[in-house]
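K.L.:
Chains E and G, in that order, are what the protein sequence lines are.
Residue 46 in this note's numbering is what sits at position 15 of the first sequence, and the numbering runs on without skipping anything.
Residue 111 in this note's numbering is what sits at position 80 of the second sequence, and the numbering runs on without skipping anything.
Beta carbons: idealized from backbone N, C-alpha and C, even for Gly.
Quick caveat: nothing in here was measured; it's all calculated off a predicted structure.
The structure follows.
2 protein chains.
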Amino acid sequence: MKTDAVRGHLDGLLLSVLESGPLHGYAIIAAVQERSGGVLELRKGTIYPALNRLERIGLLSSAWESVGERRRRCYELTDAGRRSLATERTRWRAFTAAIGSVLEPAPAPGHAT
Amino acid sequence: MKTDAVRGHLDGLLLSVLESGPLHGYAIIAAVQERSGGVLELRKGTIYPALNRLERIGLLSSAWESVGERRRRCYELTDAGRRSLATERTRWRAFTAAIGSVLEPAPAPGHAT
DNA sequence: TGCCAATAGATTGGCTACCAATCTATAAAT
DNA sequence: ATTTATAGATTGGTAGCCAATCTATTGGCA
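Printed below as a string of structure tokens:
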């Protein structure tokens, strides 16, 4: 999979893996990779600015979690984030429908091949 | 639909609408728009460089067609272009499967909601 | 005890690929 | 005659993701 294939859909991916509970950056990368069957390997340089942006616009909230001396930032969906996730899913369906109908047009029905 | 949503999938779209026969630039734009239900409106500044590139790498061939004094360049799939189209379709399915499985994970089966 | 790898977070700069704007030219409409 | 639609082409701008690089802590291992 070409690396920047997620372009335009990153926000949805991030919001989606946070739907079932808060995660920190590394865990987000791992969750996306796992749920995509190992196909999508997001980069740290990709997600950290995105997470910051999503927090800035109010779709995520974050809190430092301390594990011993180690601290990590856990991100959580806000209510607005949850609504945005629903919107992203709608956008995704519209997107795949549009591209798909051009790329793989339905064969004319009732015509034996 | 955000305008540059086709990013990364443009080649497939172009090859796909040329599958059923040669078309010139304007007709390609119209075909993509029609087959996407009016959603995808490619720009001339998007397709002409792309068509040139696809011809340069051997996926398309082109010929000037004269309509009266008017001339227009008609693009046609080469054999390599036809093979590339098949590859693009495979890539598209892999892409939608990957993003889709993260964005809309299948609910656990056998669990009444 | 020192060293390396893995985990964790953050920033910088660069590149790809698409788009908006702009240009030329012809044909049809007004 | 002027405008509008068709048709092709190029230029510059920019959004968004990535590679590289930096810091810091923890744990394994020799």
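#1: Please report the distance separating the alpha-carbon of residue 99 of chain E from that of residue 59 of chain E.
#2: Below 9 Å on C-beta distance, what does residue 88 of chain G contact in chain E?
#3: Using a C-beta cutoff of 8 Å, does residue 77 of chain G count as contacting chain E?
#4: Contact defined as beta carbons within less than 8 Å: I believe residue 119 of chain G pairs with residue 42 of chain G. What is the distance between those atoms, to the nearest angstrom?
#5: Is residue 94 of chain G helix, strand or coil when you go by DSSP?
#6: Within 10 angstroms of the Cβ of residue 76 of chain G, are there 16 or more other Cβ atoms? Answer buried if so, exposed if not.
#7: Should the segment 85 to 99 of chain E be called in touch with the segment 45 to 55 of chain E, which here means at least 3 C-beta pairs below 8 Å?
#8: Look at the Cβ atom of residue 68 of chain G, then the Cβ atom of residue 67 of chain E, and state whether they are nearer than 8 Å.
#9: Spell out the partners DSSP gives residue 85 of chain E in its beta bridges.
#10: Give the interface partners of residue 134 of chain E over in chain G, defined as CB-CB distance under 8 Å, in chain order.
#11: When we look at the beta-carbon of residue 88 of chain E and count the other beta-carbons within 10 Å, is it buried (16 or more) or exposed?
#12: For residue 34 of chain G, which option in E/130, E/104 and E/65 has the closest C-alpha, if you only look at C-alpha atoms?
#13: Would you mind reading off the limits of the beta strand (DSSP E) that contains residue 72 of chain E?
#14: Do residue 63 of chain E and residue 73 of chain E have their beta-carbon atoms positioned less than 8 Å apart in this structure?
#15: Since residue 135 of chain E is in the alpha helix (DSSP H), which residue starts that stretch and which ends it?
#16: Using the Cβ count rule (16 or more neighbours within 10 Å means buried), how would you classify residue 47 of chain G?
#17: Please name the residue in E/125, E/116 and E/121 whose C-alpha comes closest to that of residue 85 of chain E.
#18: For a contact meaning CB atoms closer than 8 Å, what does residue 66 of chain E contact in chain G?
#19: Name the residue from G/137, G/123 and G/79 whose alpha carbon lies nearest to the alpha carbon of residue 104 of chain G.
#20: Quick check: what's the CA-CA separation for residue 45 of chain E versus residue 71 of chain G?
#21: Since residue 40 of chain E sits in a beta bridge, which residues does DSSP pair it with?
#22: Excluding the 5 residues preceding and the 5 following residue 102 of chain G in the sequence, name in chain order all residues of the same chain whose CB lies nearer than 8 Å to its CB.
#23: Mind checking whether residue 127 of chain G and residue 127 of chain E have CB atoms under 8 Å apart?
#24: Quick one: what's residue 54 of chain E bridged to in DSSP?
P.N.:
Considering the structure as presented:
#1: Here residue 99 of chain E refers to the residue found at position 68 of the first sequence. Here residue 59 of chain E refers to the residue found at position 28 of the first sequence. If I take the Cα positions, the gap works out to 21 Å.
#2: By 1-based counting over the second sequence, the position of residue 88 of chain G is 57. Ordered by position in chain E, no residue passes the 9 Å Cβ test against residue 88 of chain G, which lies about 16 Å from the chain.
#3: Walking along the second sequence from the start, residue 77 of chain G turns up at place 46. Not an interface residue.
#4: Residue 119 of chain G sits at position 88 when you count from the first residue of the second sequence. Residue 42 of chain G sits at position 11 when you count from the first residue of the second sequence. Indeed they touch by this definition, with Cβ atoms about 6 Å apart.
#5: Locating residue 94 of chain G in the second sequence gives position 63, where the first residue counts as 1. Residue 94 of chain G: strand per DSSP, three-state reduction.
#6: Position 45 of the second sequence, counted from the first residue, corresponds to residue 76 of chain G. It counts as exposed.
#7: yes
#8: For this step, residue 68 of chain G is matched to residue 37 along the second sequence. For this step, residue 67 of chain E is matched to residue 36 along the first sequence. Not closer than 8 Å, so no.
#9: If you number the first sequence from 1, residue 85 of chain E lands on position 54. In DSSP, residue 85 of chain E forms no bridge with anything.
#10: On the first sequence, residue 134 of chain E is found 103 positions in, with the first residue counted as 1. 40, 43, 44, 47, 119, 120 and 123, listed in chain order.
#11: Position 57 of the first sequence holds residue 88 of chain E. Answer is exposed; the Cβ neighbour count stays below 16.
#12: For the purposes of this step, residue 34 of chain G is taken as the residue at position 3 of the second sequence. Out of E/130, E/104 and E/65, E/130 has the C-alpha closest to the C-alpha of residue 34 of chain G.
#13: Along the first sequence, read from residue 1 onward, the residue named residue 72 of chain E stands at position 41. First-last for residue 72 of chain E: undefined, no H or E at that position.
#14: The residue given as residue 73 of chain E occupies position 42 in the first sequence. The residue given as residue 63 of chain E occupies position 32 in the first sequence. A contact, by the Cβ cut-off of 8 Å.
#15: By 1-based counting over the first sequence, the position of residue 135 of chain E is 104. Under the DSSP assignment, residue 135 of chain E falls outside any alpha helix (DSSP H); it carries neither an H nor an E label.
#16: Your numbering for residue 47 of chain G matches position 16 in the second sequence. So residue 47 of chain G ends up on the buried side.
#17: Taking the first sequence and counting its residues from 1, one reaches residue 85 of chain E at position 54. For the residues E/125, E/116 and E/121, the minimum Cα distance to residue 85 of chain E belongs to E/116.
#18: Numbered from its first residue, the first sequence carries residue 66 of chain E at position 35. Per Cβ cutoff of 8 Å: 132, 133 and 136.
#19: Here residue 104 of chain G refers to the residue found at position 73 when the second sequence is read from its first residue. Comparing Cα-Cα distances from residue 104 of chain G to each of G/137, G/123 and G/79, the minimum goes to G/79.
#20: Position 14 of the first sequence, counted from the first residue, corresponds to residue 45 of chain E. Position 40 of the second sequence, counted from the first residue, corresponds to residue 71 of chain G. Their backbone Cα atoms lie some 26 Å apart in a straight line.
#21: Indexing the first sequence from 1 puts residue 40 of chain E at position 9. None; residue 40 of chain E has no bridge partner.
#22: Sequence index remark: in the second sequence, residue 102 of chain G carries index 71 (1-based). Short of 8 Å from the beta carbon of residue 102 of chain G, and not among the five residues preceding or following it, lie these beta carbons of its own chain, in chain order: 95 and 96.
#23: Taking the second sequence and counting its residues from 1, one reaches residue 127 of chain G at position 96. Taking the first sequence and counting its residues from 1, one reaches residue 127 of chain E at position 96. Their beta carbons are under 8 Å apart, which means residue 127 of chain G touches residue 127 of chain E by this criterion.
#24: Working through the first sequence from its first residue, we reach residue 54 of chain E at position 23. For residue 54 of chain E, which the question treats as bridged, DSSP gives the partners E/106.
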